[in-house]
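Have a look at the structure below, then the notes.
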Amino acid sequence: MDLESCRKKMLSTLIIVMLAGPAWVRASEYYSSQALAERLSALSGQEPDLVHVRELAQSREKRTVWLVEVGVGSQEDRDARPALLVVAGIEGNDLVGSFTAVAWIERLMKLYGEDPTTTDMLKATTLYVVPCLNPDAAERFFGAPRIERGGNDSPGDEDHDGLTDEDGGEDLNGDGLITVMRIEDKEGEYIADPNESRLLLKADPLRGETPVWRLLPEGTDNDRDKKWNEDGPGGANFNRNFPYNHKYFAPEAGIHPVSEDETRALADFVVAHPNIGIVLTYGAADNLRQTPKSAPSPGRSKPMEAVNEKDVGYYEAVGKLYRAALGLSREMEGASEPGTFSDWMYFHRGRLSLAARPWDAALAVELSKPKKTEDRGLRTEDGEQAAVDRDENEDASSDPNAAEAEKKSAKSEDKRGKDEREQLTWFDEHSPDAFVAWQAIEHPDFPGRRVEVGGFRPFARTNPPLAALPGLAEKHGDFLTRLAGRLPRVKVSRIECRLLADSIYEIEIQVVNAGFLPTALSHGETTQEVHPTRVILELEPDRFLSGSKVTYLPTLRGSGGTAKARYTIRVTDRQQVRFQVVSMLGGRVEGKVELLTTTPENK
20 MDLESCRKKM
30 LSTLIIVMLA
40 GPAWVRASEY
50 YSSQALAERL
60 SALSGQEPDL
70 VHVRELAQSR
80 EKRTVWLVEV
90 GVGSQEDRDA
100 RPALLVVAGI
110 EGNDLVGSFT
120 AVAWIERLMK
130 LYGEDPTTTD
140 MLKATTLYVV
150 PCLNPDAAER
160 FFGAPRIERG
170 GNDSPGDEDH
180 DGLTDEDGGE
190 DLNGDGLITV
200 MRIEDKEGEY
210 IADPNESRLL
220 LKADPLRGET
230 PVWRLLPEGT
240 DNDRDKKWNE
250 DGPGGANFNR
260 NFPYNHKYFA
270 PEAGIHPVSE
280 DETRALADFV
290 VAHPNIGIVL
300 TYGAADNLRQ
310 TPKSAPSPGR
320 SKPMEAVNEK
330 DVGYYEAVGK
340 LYRAALGLSR
350 EMEGASEPGT
360 FSDWMYFHRG
370 RLSLAARPWD
380 AALAVELSKP
390 KKTEDRGLRT
400 EDGEQAAVDR
410 DENEDASSDP
420 NAAEAEKKSA
430 KSEDKRGKDE
440 REQLTWFDEH
450 SPDAFVAWQA
460 IEHPDFPGRR
470 VEVGGFRPFA
480 RTNPPLAALP
490 GLAEKHGDFL
500 TRLAGRLPRV
510 KVSRIECRLL
520 ADSIYEIEIQ
530 VVNAGFLPTA
540 LSHGETTQEV
550 HPTRVILELE
560 PDRFLSGSKV
570 TYLPTLRGSG
580 GTAKARYTIR
590 VTDRQQVRFQ
600 VVSMLGGRVE
610 GKVELLTTTP
620 ENK
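Taking the numbering used here, the leading residue of the sequence shown gets 20, the next gets one more, and so forth.
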């Protein structure tokens, strides 16, 4: 469905919405491909000078991958401004990222013209948003049976047997979901969690535990190879399909880097838009919950495997901003995978490249924990109870032996399955249908044996209940807006012109970086993908006595870094000279130097 068709279809709906109230007020829902197209069409129709929607690619199943550009002014102006790129829906189970991205656009539309800070930002910054890079995979949420996978439906031979997609899952209990099944098997790996019978733990022989269950995806052994559901439909996970650290022949990696039309289109887009200074990818990878590892640069002699130690401070600062926006009081465990888009954008393209899981069950549990205890004091940053006791009569504080015994007891406690139990407890309170109760079935591959189907519903642990979406999207939107304000931004802070002799002038132009980030990260300098900032004086080459038409500046650090361009020129036919300051990531500034006409003083 093209954008014009969506506009026509949405016309009557728009009229109703406009009469009923603000257009950005709407019910919380996850977006199907059609619903997303209709929503973007409505937004661009409301603010055509601010929100620009176009097609980025066509998926394998002929769904449109949309690109939204938010900014005012001409296309030429928007292309030259510092830019932030947000990519959501890169994996098929990231529905919450797509919702968050669209909600942010809606929020910007609401604030534009009303909030001075947001208005100024949108006049000086370009925002690129890909709400759903992988629409084919996301559509599984709306189909039946519902199955959660990260990749698209390109043919794949995951078990390397020469056949493609020959052994996928089946809905054996008829509930419309593909979950998991546990099979009674003494040669399995699992036992029931003694603290929560709905969950399983890996049996520990050192504890004398005998396995009871085997755990498999729901389905049958279609190709009779004694493996279950190891090669179902679906080939490439787009967040495993980019060049940096790409793993050939790995599951869901694709047949080669950027093998899919959608990933190639995204790669081509970022190459064609070098003004992108910050990238945020919503998906399974995450370097915002926890500061990524860093290492000294090996130069250009071998590939970097960790963030350059000179750049990691920016990741740390932005990570703190992110965690504060979400309400996290401590770092959580980060995550990465081979071939991610975010890694490619940093390690190959030299940009500040951020990755975030917009929501998962672990985050929900962490956010539900109290920031303070009632009587025992404050929590420290690592989440442990601080040893503060305001009640002098409490026995525990006056008995060091009891305190030591309590510590030893905590160390010896079996913590296996603790995280999953906490998550299940959270779901029981906030989304009781997230866990499917175990149901006994007759399985053709296991005659006479006990087989039960159940477990967490597809998408339940990666996407929040609908009621949580508005609040979550608001927090992410606040962070994204602040993130856009962290881009580098060049300005001219001083212009000096002295008349040295008849028609001979000395000019000095001082450039300052008023943004937070430097005009190039250290790794951006190493990759040489971020070009130096340059000052272009619009004069013929023979007018220069010193200096040249193009002067390259060193990297300008953030928060006030400066550099100067100096020239000696001979000019007889004009009273001013125009110039440009061009920064790949920090924008473009045009100005002019007024030439003095008075006679120079004798020295």
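Where is the CB? At the ideal position from N, CA and C, for every residue including glycine.
Predicted model only: the values in this text are computed from it and were never measured.
- prompt: Contact between the region 288-303 and the region 348-368: three or more CB pairs below 8 Å?
  reply: When C-beta atoms of the region 288-303 are compared with those of the region 348-368, three or more pairs fall below 8 Å, so the two segments count as touching.
Review point. Taking the alpha helix (DSSP H) that W445 falls in, what are its first and last residues?
Key: Along the sequence shown, read from residue 1 onward, the residue named residue 445 stands at position 426. According to the DSSP assignment, W445 belongs to the alpha helix (DSSP H) that extends over 437-449.
Q: Would you give the residue range spanned by the beta strand (DSSP E) that R97 belongs to?
A: Taking the sequence shown and counting its residues from 1, the one referred to as residue 97 is at position 78. Unbroken run through R97 is the alpha helix (DSSP H), 94-99; no beta strand (DSSP E).
Here's the rule I'm using: 16 or more other beta-carbon atoms within 10 Å means buried, otherwise exposed. How should F261 be labelled?
Stepping through the sequence shown from its first residue, residue 261 is reached at position 242. With 16 or more Cβ atoms within 10 Å of its Cβ, F261 is classed as buried.
| How about V601 and C516: do their beta carbons lie closer than 7 Å? | Taking the first residue of the sequence shown as position 1, residue 601 is located at position 582. Taking the first residue of the sequence shown as position 1, residue 516 is located at position 497. Contact flag unset, no.
Check: Once you ignore the five residues that flank E441 on each side, which residues in its own chain have a CB closer than 6 Å to its CB?
Finding: Working through the sequence shown from its first residue, we reach residue 441 at position 422. Only V384 meet the Cβ criterion.
query: Would the beta-carbon of G496 fall within 7 Å of that of W123?
result: Numbered from its first residue, the sequence shown carries residue 496 at position 477. Numbered from its first residue, the sequence shown carries residue 123 at position 104. Here G496 is near W123, since their CB atoms are less than 7 Å apart.
| Taking Cβ to Cβ, would you say S120 is nearer than 7 Å to A107? | Locating residue 120 in the sequence shown gives position 101, where the first residue counts as 1. Locating residue 107 in the sequence shown gives position 88, where the first residue counts as 1. Note that residue 120 corresponds to Ala in the displayed sequence, not to Ser. Cβ distance < 7 Å, so A120 and A107 count as in contact.
What residue does the alpha helix (DSSP H) around H71 start on, and which one ends it? The residue you call residue 71 lines up with position 52 of the sequence shown. Here H71 belongs to no alpha helix (DSSP H); instead the beta strand (DSSP E) covers 70-77.
Which residues share a DSSP beta bridge with I523? Position 504 of the sequence shown, counting from 1, holds the residue named residue 523. Paired residue(s): A520, R589.
query: What separation, rounded to the nearest whole angstrom, lies between the Cα atoms of K339 and L345?
result: By 1-based counting over the sequence shown, the position of residue 339 is 320. By 1-based counting over the sequence shown, the position of residue 345 is 326. If you take the alpha carbons of K339 and L345, they lie about 10 Å apart.
Original post:
With distances taken from CA atoms, which of Q77, R376, L488, G90 is nearest E110?
Top reply: Locating residue 110 in the sequence shown gives position 91, where the first residue counts as 1. Taking only the C-alpha atoms, the option nearest E110 is R376.
### Through-space distance from L506 to L69, alpha-carbon basis
In the sequence shown, residue 69 corresponds to position 50, counting from 1. In the sequence shown, residue 506 corresponds to position 487, counting from 1. For L69 and L506, the distance between alpha carbons rounds to 20 Å.
(Q) Quick check: L491 and W378, are their CB atoms within less than 7 Å of each other? (A) Here residue 491 refers to the residue found at position 472 when the sequence shown is read from its first residue. Here residue 378 refers to the residue found at position 359 when the sequence shown is read from its first residue. Yes, the pair counts as a contact, with Cβ atoms nearer than the cut-off.
- Task: Could you tell me how far apart the beta carbons of A304 and E279 are, in whole angstroms, since I believe they sit closer than 8 Å?
- Result: As a first step, residue 304 is located in the sequence shown; it is residue number 285 there, counting from the start. As a first step, residue 279 is located in the sequence shown; it is residue number 260 there, counting from the start. That pair is no contact at about 18 Å.
Going by CA-CA distance only, name the one from E203, G207, P164 that's closest to E189. Along the sequence shown, read from residue 1 onward, the residue named residue 189 stands at position 170. If we check each option's Cα against that of E189, P164 comes out closest.
Assuming I514 and L558 are in contact, meaning their beta carbons sit under 8 Å apart, how far apart are those beta carbons, in whole angstroms? Position 495 of the sequence shown, counted from the start, is the residue given in the question as residue 514. Position 539 of the sequence shown, counted from the start, is the residue given in the question as residue 558. That pair is no contact at about 15 Å.
Quick test of the definition: if touching needs 3 or more C-beta pairs under 8 Å, does the region 191-204 touch the region 137-145? Contact between the region 191-204 and the region 137-145 is absent, because fewer than three Cβ pairs lie under 8 Å.
- For K142, name the three-state secondary structure that DSSP assigns. Locating residue 142 in the sequence shown gives position 123, where the first residue counts as 1. Note: K142 maps to helix in three-state DSSP.
Comparing C-alpha positions only, which one of L220, E228, R226, G227 sits nearest to L234? Along the sequence shown, read from residue 1 onward, the residue named residue 234 stands at position 215. That would be L220, whose Cα lies nearest to the Cα of L234.
**Request:** Can you grab the Cα-Cα spacing for the pair E432 / T145, in whole Å?
**Result:** Mapped onto the sequence shown, residue 432 falls at position 413. Mapped onto the sequence shown, residue 145 falls at position 126. Taking the CA atoms as reference points, E432 sits about 52 Å from T145.
If we call anything under 7 Å between Cβ atoms a contact, is P135 one with R82? If you number the sequence shown from 1, residue 135 lands on position 116. If you number the sequence shown from 1, residue 82 lands on position 63. No, these two residues do not count as a Cβ contact at 7 Å.
* **Residues that DSSP places opposite N532 in a beta bridge** => The residue you call residue 532 lines up with position 513 of the sequence shown. V509, G580.
Where L373 falls: helix, strand or coil (DSSP):
Here residue 373 refers to the residue found at position 354 when the sequence shown is read from its first residue. Here L373 sits in strand by DSSP.
Quiz item: So what does S313 bridge to, in DSSP terms?
Solution: As a working note, residue 313 is residue 294 in the sequence shown. BP columns for S313 point to V326.
Could you tell me the distance, in whole angstroms, from the CA atom of E438 to the CA atom of P573?
For this step, residue 438 is matched to residue 419 along the sequence shown. For this step, residue 573 is matched to residue 554 along the sequence shown. In the sequence as displayed, the identity of residue 438 is Asp instead of Glu. Roughly 49 Å separates the two Cα atoms.
Based on DSSP bridge pairs, tell me the residues matched to V554. The count along the sequence shown starts at 1 and reaches residue 554 at position 535. Paired residues: T570, V600.
What runs of the beta strand (DSSP E), each 3 residues or longer, lie entirely inside the region 452-510?
For the region 452-510, whole beta strand (DSSP E) runs of length 3 or above, ordered along the chain, are 454-460, 470-475.
Practice task
Given a cut-off of 7 Å, decide if E281 and L152 are closer than it, judged by their beta-carbon atoms.
Solution key: Within the sequence shown, the letter at position 133 stands for residue 152. Within the sequence shown, the letter at position 262 stands for residue 281. Yes; because the gap between Cβ atoms is below 7 Å, this pair is in contact.
Exercise for review: Sort V569, P560, P466 by Cα distance to E203 and report the nearest one.
Suggested key: Sequence index remark: in the sequence shown, residue 203 carries index 184 (1-based). Nearest option by C-alpha distance: P466.
- Item | Inter-residue spacing [alpha-carbon to alpha-carbon] between G504 and F478 | As a working note, residue 504 is residue 485 in the sequence shown. As a working note, residue 478 is residue 459 in the sequence shown. Approximately 33 Å, taken between the alpha carbons.
task = Please confirm whether any heavy atom of the ligand FMN lies closer than 6 Å to the CB of A99.
result = Judged by which ligands are present, the structure shown has none, so any question about the ligand FMN falls away.
Check whether the Cβ atoms of E525 and K583 lie closer than 7 Å to each other.
Numbered from 1 along the sequence shown, position 506 holds the residue referred to as residue 525. Numbered from 1 along the sequence shown, position 564 holds the residue referred to as residue 583. No, these two residues do not count as a Cβ contact at 7 Å.
If we count the other Cβ atoms within 10 Å of its Cβ and call it buried at 16 or more, is L127 buried or exposed?
Reading the sequence shown from its first residue, position 108 is the one you call residue 127. Classification for L127: buried.
- Message: Using the three-state DSSP reduction, which class does W232 fall into: helix, strand or coil?
- Response: Locating residue 232 in the sequence shown gives position 213, where the first residue counts as 1. In the structure shown, W232 sits in a strand (DSSP, three-state: E or B).
| message | Going by the DSSP bridge assignment, what does G606 pair with across the sheet? | response | Taking the sequence shown and counting its residues from 1, the one referred to as residue 606 is at position 587. In the DSSP assignment, G606 forms a beta bridge with S602.
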